[in-house]
Each structure stands twice: as structure tokens, then as C-alpha cells.
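Here's the structure we're looking at; comments come further down.
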Amino acid sequence: MSMEQLYQDIILEHYKLKSHSGRREPFGAEVHHVNPSCGDEVTLRVDLADGRVRDVSYDGVGCAISQASTSIMSDLVIGQPVADALRLHDEFLALMQSQGKSEPDEDVLGDAVAFVGVSQLPARVKCALLGWSAFKDATLRATAEEDE
Amino acid sequence: MSMEQLYQDIILEHYKLKSHSGRREPFGAEVHHVNPSCGDEVTLRVDLADGRVRDVSYDGVGCAISQASTSIMSDLVIGQPVADALRLHDEFLALMQSQGKSEPDEDVLGDAVAFVGVSQLPARVKCALLGWSAFKDATLRATAEEDE
Amino acid sequence: MTVTDETEVSMALDVAAVRSDFPILTRDVAGVPLAYLDSANTSQKPRAVVDAISDHLLRHNANVARAMHTLGAEATGAFEAARAKVAAFVGAARPEEIVFTKNASEALNLAAHTLGAGLRPGDEIVVSVMEHHSNIVPWQLLAQRTGATLRWFDITAEGRLDLDRARAEGLVNERTRIVSLTWVSNVLGTVNPVARIAGWAHAVGATMVVDGSQGVPHLPTSVAELGADLLAFTGHKMLGPTGIGALWGRYELLASLPPFLGGGEMIEVVRMDGSTYAPPPHRFEAGTPPIAEAVGLGAAVDYLTALGMDAVAAHEREITEHLLTGLSQTPGVRLLGPADLDDRGGAVSFTLTTADGFEVHPHDVMQLLDSRGVAVRGGHHCARPLHDRLGIATSTRASSHAYTTTAEVDRLLDALAYTRDFFGGAR
Amino acid sequence: MTVTDETEVSMALDVAAVRSDFPILTRDVAGVPLAYLDSANTSQKPRAVVDAISDHLLRHNANVARAMHTLGAEATGAFEAARAKVAAFVGAARPEEIVFTKNASEALNLAAHTLGAGLRPGDEIVVSVMEHHSNIVPWQLLAQRTGATLRWFDITAEGRLDLDRARAEGLVNERTRIVSLTWVSNVLGTVNPVARIAGWAHAVGATMVVDGSQGVPHLPTSVAELGADLLAFTGHKMLGPTGIGALWGRYELLASLPPFLGGGEMIEVVRMDGSTYAPPPHRFEAGTPPIAEAVGLGAAVDYLTALGMDAVAAHEREITEHLLTGLSQTPGVRLLGPADLDDRGGAVSFTLTTADGFEVHPHDVMQLLDSRGVAVRGGHHCARPLHDRLGIATSTRASSHAYTTTAEVDRLLDALAYTRDFFGGAR
Ligand SMILES: Cc1ncc(COP(=O)(O)O)c(C=O)c1O
Ligand SMILES: Cc1ncc(COP(=O)(O)O)c(C=O)c1O
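Residue numbers (the numbering used here), protein chains in the order written: chain A, 66 to 213; chain B, 66 to 213; chain C, 214 to 640; chain D, 214 to 640.
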């Protein structure tokens with residue numbers, strides 16, 4: 066795999082762009098996730114309303130893969146029904162665990178298909194998943210809060 | 066080395082004989098020595114008088130090598146000047162550490178030359194030395210007591 | 214291997230084929246072929262295990278987790294694949310339930326330090342008098358640190374846990390916090406009713422630790438059937454290399470335990486004024502782990518799985534039966550532990566007395582046997598309290614594994630007769 | 214090796230000959246030859262080390278100490294001979310001053326648990342902000358257990374211990390019980406004035422622990438000159454296998470310390486109601502030790518001694534000089550740690566910024582380098598507090614050993630320029 070395939074232009078763009086970064090009010094839950102072996106960190110907030118993801122915002126430090134993945138993730142999930150957003154998480158997780166063996170569906174995953182190359186690099190899969198895992202965690206917590 | 070060379074008749078005799086075994090009064094010092102890896106143990110008493118070894122007595126459990134060595138040692142040192150007895154210890158130690166490469170002097174070591182085969186077996190050297198080390202330790206302690 | 218010696222045919226295993234995988238078994242010792250009957254001490258290693266280690270060190274070596282370049286990814290992949298293999302071998306629910314340690318002793322100390330962190334005076338820890346020192350001393354040290362009380366199961370005349378006495382004494386009771394028992398005794402061969410005792414422990418809210426050092430290498434293992442909360446075992450007794458052992462634990466239990474050794478890889482965030490820790494298993498694996506050793510253990514587990522642990526166990530039963538029968542017919546032999554095959558592993562210990570009534574010390578037995586190429590262990594086998602309990606200082610032990618033949622057992626029996634004569638004055 | 218490539222000539226060592234002993238160095242990665250610049254993470258192993266391990270496991274394997282038959286004597290002899298070799302390598306007074314552990318982290322935890330057994334609130338432990346997590350977390354855990362206070366040396370702008378500030382603050386004082394410092398920083402490369410700090414420690418009656426993980430593999434070592442009381446180091450960074458490390462200690466100090474891990478081989482007499490312990494080093498080696506790994510480490514020490522540690526150190530200075538010069542000429546590189554060779558080891562860490570002012574994350578640097586066969590480490594290198602102190606999250610590190618060539622360094626420098634362009638929009 067060439068580096069151009071791994072770091073697709075859209076990844077480099079989002080790495081510098083960091084859509085939705087900077088933590089915002091209001092939010093239903095905030096979580097802090099860390100990849101201990103590499104030091105990547107993200108603090109991520111989720112705001113849910115009427116069964117939808119109203120907002121995602123975050124502060125993170127990390128590599129191009131983790132930063133771009135979080136940025137693209139937030140673009141994809143904001144405005145979606147919670148159930149759809151979580152399904153998207155599962156789709157992305159499946160792609161990352163496929164060891165390069167799956168053909169991602171751009172209709173489902175949108176720009177997140179750009180990470181297909183990462184799934185061939187076990188050491189980097191955690192990077193691509195950092196923001197997504199934080200999103201799922203925060204969403205489940207925010208849902209639990211709402212239910213109370 | 067054949068087993069007959071290792072376990073010379075004199076060793077088997079002393080194994081069953083255990084000269085001077087059974088702890089006796091009076092004594093100047095008593096010590097307890099253990100080979101932790103094999104469980105051999107000896108509790109040994111030394112009585113010194115007028116610069117001589119007046120008595121050695123002991124209770125021990127252990128293999129033929131350790132028991133016979135203690136028995137022969139006690140026969141050799143009882144009645145000797147302390148300095149000569151300690152020199153005998155050093156001679157025997159040197160023999161044991163020779164890895165089968167030394168020609169022991171029967172005039173010096175007496176029956177203890179029978180252990181020459183043991184010096185070729187690193188795992189058994191500790192067995193042959195158990196009683197001798199206990200004797201040296203007890204003698205040094207008894208000397209210290211006398212000096213006080 | 215093409216020639217199948219009659220003595221190397223077993224109902225369960227093609228032992229000749231197995232033996233051809235173990236180069237050391239073709240060695241001479243003292244001018245005669247080796248008969249290795251000391252597998253409970255450490256097992257021999259098949260070439261596949263040694264090759265896996267060499268290949269890893271010479272072709273794929275890098276640090277794990279933290280090294281992310283190609284070699285690092287290969288090393289990490291091999292290391293974590295080994296964890297998954299070991300997890301499957303003991304029936305763990307997930308690979309993260311396996312913590313790699315340096316040996317079973319470290320695994321048991323890890324259990325004692327983490328489970329025992331909150332113990333207080335009045336709390337009780339229960340072991341048995343038949344334990345290996347590695348399942349006694351860590352608990353003694355824990356009791357000293359915390360003021361908790363160490364209690365223990367006694368044994369019956371047959372060498373089994375004395376359950377009646379334990380029940381009568383209320384050994385396991387509402388003060389009990391931890392019960393730690395060996396699955397199979399390394400001296401008596403007894404297979405303990407671990408699941409039953411785990412029931413007692415769980416009924417009073419205690420944690421059940423099992424020392425599987427002599428079980429996992431020889432019997433099909435299912436942590437669920439054992440009923441254990443934690444299970445310690447060691448690589449070098451299961452055809453794997455030295456330098457590696459494992460602690461299996463229920464994931465939720467592991468996740469609730471504090472760290473033990475501190476250092477690289479077991480952390481989440483380190484600040485000078487305080488740190489947070491990684492989830493299991495990494496929380497318990499400080500520093501560079503035994504990487505090549507894990508790869509070797511993975512290969513050992515593959516090898517055993519290919520033989521089939523049922524077949525290995527069946528083969529060892531045959532060997533043990535032959536040994537028990539032979540020893541019962543050898544004058545002067547006193548067997549320690551169960552004489553039949555019910556709930557019995559392959560470690561067989563005994564004492565030897567000459568015709569003139571003289572007990573031959575196990576070191577001397579070992580030496581005479583060694584002069585005939587037969588390797589056994591003589592001593593207290595790291596179970597001094599058990600020997601005290603039996604009223605003896607030491608014993609001789611013969612033990613087997615998948616590569617052991619009845620012919621080797623016969624050589625042992627012959628050599629014992631020779632030893633008896635040698636020390637009995639008939640030489 | 215017969216052909217000597219021009220790029221593989223060094224003043225100090227015949228690097229081409231050295232390289233021919235390391236099969237992994239002929240490997241391809243991503244279709245290009247490997248340039249392994251991650252030796253501070255783990256070193257590669259010469260064939261002699263791997264052969265020693267294989268030969269031991271396949272021809273001489275048995276348990277040690279307790280097994281007394283021929284194989285047991287061979288294994289014990291090999292294991293204790295390895296101890297003597299390691300002792301000589303660091304200038305120990307006697308072999309019994311070397312305790313084998315599983316890695317440097319265990320050695321440091323052993324030091325913390327045994328030295329720290331009697332610590333009380335008010336007592337102080339001193340480390341530095343440049344330590345590896347393995348020399349921080351064990352002391353944090355000790356402070357938590359005992360109520361003692363953890364304090365630390367800061368660093369200067371150049372990346373050296375800030376001795377002036379430490380003196381002004383009275384960092385080492387009459388409350389100090391333990392000072393634990395790294396000899397050579399695994400990130401900055403700084404060689405610390407350990408003997409001088411040992412003087413401070415001893416003047417107030419404190420014990421001096423030295424983390425030699427990055428020193429012993431690269432510099433001639435004399436424990437006496439270091440002034441240490443305890444010295445931890447690790448096999449896998451000094452051409453040896455994983456699964457083994459060592460703690461050297463002054464014998465009288467070791468003899469005064471309580472046990473740490475409990476189990477087989479560390480005992481004198483075990484009774485159910487209490488045990489006594491063996492003298493050092495066995496007191497600290499519970500259970501079956503890493504036997505084959507010790508043999509491998511012994512072979513590594515033989516290999517290094519044959520090269521000559523002075524020559525190894527001189528060679529690494531050449532490599533480091535080449536690297537420092539090259540990096541200083543590479544745009545966008547910010548060096549962490551000393552820029553000159555005075556008191557400097559071979560670990561060189563840096564950050565990389567693109568022409569448009571964007572800091573490239575070390576994982577991305579690592580990935581791009583890996584695609585060109587160059588293996589480096591990106592991350593916090595188990596030294597997060599140091600990175601915090603430097604105001605950065607992570608860095609990229611290149612590091613060398615006896616087999617490293619200036620040609621490999623040149624490939625790194627080229628790949629860094631490519632990386633900078635790649636992320637700087639110049640692709
Ligand atoms: C300075 C330093 N100390 C301690 C360690 C820990 O060594 P190990 O991982 O072998 O325990 C390392 C290496 O990782 C190190 O570089
Ligand atoms: C029953 C039992 N427990 C624990 C151990 C300790 O295993 P290791 O020496 O590998 O730590 C052994 C073997 O020596 C054993 O037989």
C-alpha cells in the first residue's frame with residue numbers, strides 16, 4: 066500500500082480542518098479516551114435531542130489518522146438519528162476489523178471509506194477508532210442520562 | 066564414574082554408622098544448617114577445650130553423601146587442635162571445588178579422600194560440605210564465645 | 214520417524230512419532246540413552262516450539278504495542294495471537310482474560326497482591342497442606358502484610374483433601390476471602406475436586422484461585438468447569454519455554470483488581486503526581502513482556518492441541534497405570550498418594566527401603582538412577598509442609614508427559630531394584 | 214562476511230562483520246531493505262544468542278537447582294555460568310550480586326517493594342522528570358502504600374538534570390530514603406551524573422537505585438564507578454532475548470532486604486505457620502527462573518565483550534554524531550535533548566514541522582518512514598511526564614546499536630525530508 070492510498074487527500078484535509086473541534090455547550094455527556102500506547106487523547110462531547118445527535122464537539126491530540134477520523138465522524142453523525150449513528154459506528158468498526166478484506170460501501174460510510182487502508186495496519190486501527198469509540202461511549206451515557 | 070567409585074565402601078559404612086551422632090553435652094556452640102534445594106539438614110554441636118576440638122556431635126537428615134561426610138568429618142577433627150581442624154576444612158573444601166581435577170592427599174584428609182568422586186558432581190558438592198560447613202561455623206562461634 | 218518400536222505403541226498416541234519431535238530424547242546420559250521421567254519438574258520442548266522462538270527472534274523481533282513499524286506490528290501480532298491461543302486452550306471467554314507472567318509463581322504472587330490488597334485482620338485465606346511452596350509463601354507474605362489469617366486443608370491417609378475434617382472445622386466460612394488450591398498435586402498426583410471447593414468458596418463470597426501448574430499441561434482444561442476465578446499455570450511444564458507463565462482471570466474480576474507491578478505498558482496516563490492504569494490484561498504486564506516466550510508457548514499449545522489433550526491425558530493414564538503397577542510390585546517401595554487411577558495425575562512419588570530396613574535417601578536414589586540414564590527428582594519437590602505432614606523429609610518422584618514410554622518406566626523399575634541392592638549390601 | 218560496503222566502515226567496529234551476525238538486518242520491509250533505528254526500544258539479536266537458546270532448550274533442558282540428574286546439573290551449570298558472565302559484565306564483586314528478573318521493570322519493582330518495605334509518612338523518594346514510566350510508577354505505588362512522598366529532579370532547557378534547582382530546593386535531604394535515577398535517558402539521550410547524585414544520596418543515608426536500561430547495553434559498565442547500590446537493566450536491549458532482566462545489588466544490601474515474590478527456590482525452610490528465606494540472589498528468584506533466557510543473555514554478554522564495549526560505545530558515538538549533524542541540517546526538525554556528544558547516549562528524539570507550520574504527528578512520521586523501510590519509534594516512549602514537561606505530547610526517536618550504519622541514518626534523513634513534503638502539501 067502506498068502512503069497516498071493510506072493518507073488519502075480527504076484524510077489530510079480533515080487532519081488540518083478538524084471539523085467541529087473545540088468543545089461546545091450544551092452537551093449531554095463528555096468522555097475522555099486515551100490510547101495508552103501512543104498517547105493519543107480525545108475529550109468528546111455529545112448532545113442528543115429528540116432521538117437525534119444534535120451536536121458533537123471535541124478537543125484532541127493525535128496523529129492524522131485519529132484526528133481526521135474524529136473530524137469525519139462528527140460530520141457524519143451530527144443530525145442523524147441516534148440509532149443510525151450507532152449503526153454507522155458498528156459499520157466503521159467492522160471495516161477497521163476487516164484486515165483490509167472488506168469492500169466498504171461509500172453510500173453507507175461516506176467519507177469514512179477513506180480509512181480502508183488503515184484496516185491493513187493493526188497498529189493504526191486503534192487510531193482510527195479513537196473518536197468513534199468516544200462517540201459511542203458518550204452517546205450511550207447521554208442516553209442513560211436522558212432516561213433517568 | 067561408576068557408582069562404586071562415587072559411593073565407596075567407606076562412605077556406605079559411615080552412612081549407616083553415623084559416628085558421633087546424637088547431640089551431647091557439654092558444647093560451646095550449636096548450629097543448624099540446611100540445603101534448601103534438597104532438604105538436607107544438620108544440627109551440630111562443637112565443644113572446644115585448650116585449643117582443641119574436644120567433641121563434635123550432631124543430628125542430621127540427608128543423603129548418604131552428607132551423612133557419611135559428617136560422620137567422617139567428626140572422626141577426623143575430634144581431638145585435633147582447632148587450627149588443624151579448620152585447615153582440614155579448607156583442604157576438604159578445596160577438594161570439593163576441584164571439579165574432579167585434584168589428587169587428594171590421604172595423609173592429610175584421611176578417609177575424607179573417599180569423596181573425591183563427589184567433586185565431579187556439582188549438584189552433590191553441597192551435600193558433602195553440609196557437615197563441614199556446620200563444623201566450621203560452630204567452631205568459629207565457640208571460639209568467639211571463649212574469647213568473651 | 215519411520216520405525217515404530219513395540220515399546221512405543223500407546224493406545225492413545227503414536228508415541229514414537231511424538232518422540233521424534235523432541236531431539237533431547239535421543240541424547241545419551243552417562244553412556245546410556247536418556248529416560249526422562251522428570252516432566253513434572255519441567256517438560257521437554259518439541260522442535261516446533263524452539264523453531265518458533267528462533268524464527269521470531271531472528272526474523273520478526275521488535276518490541277510490542279509501542280513499536281508500530283512493520284516489525285513492531287509483526288511482533289505485536291504474534292504476541293497477541295499467542296495470547297488468543299492460550300486463552301482458547303483453557304477455554305477462556307476472551308483473549309484479554311490471559312495475563313502473561315514469567316512463571317506460575319509470579320501469577321500466584323500477582324493474585325495474592327491484587328486480591329489481597331484490601332484484606333484486614335480477621336479475614337481468612339485458605340490453602341492446603343499439599344500445596345507447592347509457590348502457592349503457600351505468597352499467601353503467608355500476604356497474611357503478614359495484612360494481618361489476615363492463613364488456614365489450610367489437611368489430607369487423608371490416601372493423600373486426598375480431607376473434606377470431612379474441613380467441613381467439621383468450618384474451614385471455609387463467612388470470614389474466608391480467598392481459597393487457593395492446586396488442581397493436581399505435584400507430589401501425590403491427586404486431582405482435587407476444585408469445582409466443589411469453588412462452590413464452597415463462592416457460597417461465602419470468597420474468590421477461588423486455582424494453581425493449574427500440574428493440571429493444564431496434562432488434562433483438557435475448561436476454566437468454566439473448574440469453577441475458578443483465577444487460574445495460574447506455567448509455560449515450561451506444558452512443552453513451552455521457560456520465562457513465561459499465565460494468570461487467567463474472569464474479565465470482570467481482573468478489571469476490578471488494582472495494579473501489581475508498575476511500569477511501561479500497564480498505564481493509561483502517567484503524571485508525576487499520579488497515574489491511571491490500562492484495562493486488563495495490560496494493567497498487569499509492566500515492562501517489555503516475554504515476547505518470544507509467548508510465541509513459543511503459543512507453538513506449544515498448537516502442538517498439544519494437534520495431539521489432542523484427551524489423547525495426551527489417556528496416554529499419561531496408561532503410563533501412570535504401568536508405573537503404579539510396577540512400583541506396587543517393587544519390594545521396599547512405599548507409594549505416597551493415591552494407588553489407583555481415579556482422580557489421579559501422572560506425578561508418582563515414593564520412598565525406597567532396602568532389604569535390611571534402611572531408607573535410601575532420594576538424592577542417592579536419583580544418583581543411582583541417573584547413572585543408568587533415568588532422570589527423576591529427589592527432594593521435597595517444593596512441598597516441604599506436605600512431606601512434614603507425611604512424616605518424611607523427602608521422596609523420589611517419577612513423572613511423565615506425552616513422550617513418555619512404558620519402556621522408560623521399565624528402566625526406572627529395573628534401576629530401583631539395582632539401587633535397593635546397592636544400598637542394601639547386596640553389591 | 215567478505216564484502217565490506219563503504220558505508221559500513223566505522224573507526225571502531227567492523228560493522229559489516231557485525232551485521233552479518235544479525236539475520237534480521239537482511240530483511241525487506243515494504244519491499245525495501247530494513248533500516249532498524251529502534252534499538253532503544255529493543256535491540257536485534259545475533260545468531261549466537263539465538264543458537265545458545267535453541268541449543269539449551271533442545272539439548273540441555275531441565276529445571277535448575279532442584280533437578281540434580283545429569284541434565285539438571287547441565288542446566289544449573291549453564292544458568293549459574295550466565296549469572297557469572299552478567300556479573301562480570303557490570304563489574305559486580307561476585308555472581309551472587311546478580312538477581313535475574315523478567316525485565317528491568319520487574320527489577321525496579323523488586324527494588325521498590327524491598328527497599329520500601331519500611332518506609333513511613335514523611336520519608337521521601339526522589340526520581341526525575343525524565344524517567345521511564347518503569348522508574349516512576351513503582352515509586353508512585355510505593356508512596357501510596359506507605360504514605361511516603363515522591364519528589365523529582367526537574368531538567369534544564371538543554372535536557373539535563375537541573376542540579377542547581379535541586380540544590381536550591383533541598384531535593385535530597387535528611388528525609389530522603391531512596392534516590393532512583395536513570396543512567397541514560399531513553400528519550401533525551403542525556404547521560405546523568407549518577408556518581409555525583411549517588412554521593413548526595415549517600416551523604417544523607419539514602420539508597421541509590423540506578424535504572425541502567427539504556428546504559429548497560431551501550432557503555433562499559435562498572436557498578437563501583439557508578440556509585441549505585443542497586444542497578445536495574447534488561448536483556449532484550451543488550452542483544453539478549455526477551456523474558457530476562459537483572460537487578461545488581463551490593464551483596465550486603467541484598468542480604469538485608471526482605472523477600473518480594475514468594476515461592477519455590479526462594480526459601481530456606483517452609484512450614485505452614487511460617488517460612489525462612491534463602492540468601493541472595495535466590496531469595497529474590499521465586500519459581501522456575503528464565504533459564505534459557507539467562508543462557509541467551511550470557512551469550513549476548515559474550516558477544517558484546519568480544520566486540521569490546523569501548524568499541525561499541527565509540528561506534529555509537531560516530532552514529533550519533535552523524536545523526537545529530539544530519540538532523541540539525543534537516544528543516545523543520547526540533548531536537549529534544551543535548552545537541553552535542555558530551556555525556557550523551559545514542560537515543561535521539563525530535564519533532565518535525567512542515568513548511569506550512571504544521572507539526573507532523575510522530576505516528577505519521579513513523580508510518581511514512583516505515584513505508585521506506587526505516588523503523589523508528591513515535592510516541593511518548595513511556596516517558597509521558599518528560600513530554601509534558603517539554604510541552605509536547607509525543608516525539609519521534611531514532612536509536613542505534615553496534616550494527617547501525619551511517620547509511621541507515623542517511624536513509625532516515627532522506628525519509629524525513631519526504632515526510633515533511635508529504636504532509637506539507639508538496640506531494
Ligand atoms: C530507561 C528505561 N528504563 C526502563 C525500561 C523498561 O525496560 P523493560 O521494558 O525491559 O522492563 C526501559 C525500556 O523500555 C527504558 O528505556
Ligand atoms: C503445583 C505447582 N505449583 C506451582 C509451581 C511453580 O511453577 P513455576 O516454577 O513455573 O513458577 C509448580 C512447579 O514448580 C508446581 O508443580
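Ideal Cβ placement from N, Cα and C applies to all residues, glycine included.
Keep in mind that this is a model prediction, so the values were computed, not measured.
Q: Report the partner residues of Asp172 of chain A according to the DSSP bridge assignment.
A: Beta-bridge pairing links Asp172 of chain A to no other residue.
**Q.** Local conformation of Val385 of chain C per DSSP, three classes
**A.** Val385 of chain C: coil per DSSP, three-state reduction.
(Q) Using a Cβ-Cβ cutoff of less than 8 Å, which residues in the same chain neighbour Gln145 of chain B once the five nearest sequence positions on both sides are dropped? (A) Cβ contact annotation for Gln145 of chain B (same chain, cutoff 8 Å, sequence separation greater than five): Arg117, Val118, Leu153, in chain order.
Q.
Between Pro472 of chain C and Leu354 of chain D, how many whole angstroms is the CB-CB distance? I'm expecting something under 8 Å.
A. 7 Å
**Q.** Below-9 Å beta-carbon distance, Thr217 of chain C vs any chain B residue
**A.** For Thr217 of chain C, the pLDDT reaches just 41, beneath the cut-off of 50, and the residue's location in the model is therefore unreliable, although a value from the coordinates is still provided. Thr217 of chain C does not count as touching chain B.
Q.
Applying the 10 Å Cβ sphere with the 16-neighbour rule, what's the burial state of Met214 of chain C?
A. Reliability of the predicted coordinates at Met214 of chain C is poor, the pLDDT of 34 falling under 50, and no value is obtained from them.
Q | Cβ pair Phe313 of chain C, Ala459 of chain C closer than 9 Å | A | It is a contact, given that the beta carbons lie within the stated cut-off.
Q | Beta-carbon separation (whole angstroms), Arg390 of chain C vs Asp336 of chain C, contact threshold 8 Å | A | With 8 Å as the limit, Arg390 of chain C and Asp336 of chain C qualify as a contact, their Cβ atoms being about 5 Å apart.
(Q) Does the distance between the C-beta of Gln427 of chain C and the nearest non-hydrogen atom of ligand 2 fall short of 8 Å? (A) Yes, Cβ of Gln427 of chain C sits closer than 8 Å to a heavy atom of ligand 2.
Q. Does the beta carbon of Asn405 of chain D come closer than 9 Å to any beta carbon on chain C?
A. no
Q: Kindly list, in the order they appear in chain A, the residues whose Cβ is closer than 8 Å to that of Leu581 of chain D.
A: Met68
Q. Using a beta-carbon distance cut-off of less than 7 Å, what residues from the stretch 306 to 319 of chain D approach chain C?
A. Lys315, Asn316, Ala317, Ser318, Glu319
Q | 8 Å contact criterion, which Val303 of chain C and Val429 of chain C should meet: CB distance rounded | A | 6 Å
**Q.** CB contact below 9 Å: Ile532 of chain C versus chain A
**A.** no
Q. Which one or two residues does DSSP pair with Tyr249 of chain D in a beta bridge?
A. D:Ala588
Q. What residue does the beta strand (DSSP E) around Trp461 of chain C start on, and which one ends it?
A. 458 to 462
Q.
Run through chain D and tell me which residues come within less than 7 Å of Ala129 of chain A, C-beta to C-beta.
A. His574, Asp577
Q) Using the C-alpha atoms, what's the distance from Arg530 of chain C back to Glu553 of chain C? A) For the sequence presented, residue 553 of chain C should be read as Asp rather than Glu. Taking the straight line from one Cα to the other gives about 10 Å.
Q. Just reading off the alpha helix (DSSP H) that Gly487 of chain C is part of, what are its end residues?
A. Not the alpha helix (DSSP H): Gly487 of chain C falls in the beta strand (DSSP E), residues 487 to 490.
Q: Report yes or no: is there a C-beta of chain B within less than 9 Å of the C-beta of Gly285 of chain D?
A: yes
Q) Under the three-state reduction of DSSP, which class applies to Thr395 of chain D: helix, strand or coil? A) strand
Q: Measure the CB-CB distance between Gly509 of chain D and His269 of chain D and report whether it falls below 9 Å.
A: yes
Q: Compute the Euclidean distance between the alpha carbons of Asp623 of chain D and Pro494 of chain D, then round it to the nearest angstrom.
A: 45 Å
Q. Applying a beta-carbon distance threshold of less than 7 Å, which residues of chain D neighbour Gly104 of chain A?
A. Gly592, His593, Arg597, Ala606, Thr607
Q) Mind pulling the beta strand (DSSP E) runs of 3 or more residues that sit fully within the stretch 86 to 125 of chain B? A) Listed in chain order, the complete beta strand (DSSP E) runs (minimum 3 residues) inside the stretch 86 to 125 of chain B are 94 to 100, 105 to 114.
Q: Below 7 Å CB to CB, which residues in the same chain sit around Leu384 of chain C once its five sequence neighbours on both sides are set aside?
A: Counting only Cβ-Cβ distances below 7 Å, and skipping sequence neighbours, we find Val339, Arg364, Phe366.
Q. Could you check where the alpha helix (DSSP H) with Ala524 of chain C kicks off and where it finishes?
A. 522 to 541
Q: Could you work out which residues of chain C lie near Val99 of chain A, taking near to mean beta carbons separated by less than 7 Å?
A: Glu481, Val482
Q.
DSSP three-state label for Ile605 of chain C, please.
A. coil
Q: Specify, as a first and last residue, the run of the beta strand (DSSP E) that Val423 of chain D falls within.
A: 420 to 424
Q.
If you follow the beta strand (DSSP E) that Ile338 of chain D is in, where does it begin and where does it stop?
A. 337 to 341
Q | Partner residues on chain A for Phe571 of chain D, Cβ-Cβ distance less than 7 Å | A | Within chain A, the residues whose beta carbon sits less than 7 Å from that of Phe571 of chain D are Lys81, listed in sequence order.
Q: Give a single yes or no on whether Ala499 of chain D has its beta carbon closer than 8 Å to a heavy atom of ligand 2.
A: In this structure, Ala499 of chain D has its beta carbon less than 8 Å from a heavy atom of ligand 2.
Q.
Just list the residues that DSSP pairs Thr447 of chain D with in beta bridges.
A. D:Gly458
Q: Would you mind stating whether Asp424 of chain C and Asn316 of chain C have Cβ atoms separated by less than 9 Å?
A: no
Q) Where do the N-terminal and C-terminal ends of the beta strand (DSSP E) with Val482 of chain D fall, by residue? A) Start and end: 480 to 484.
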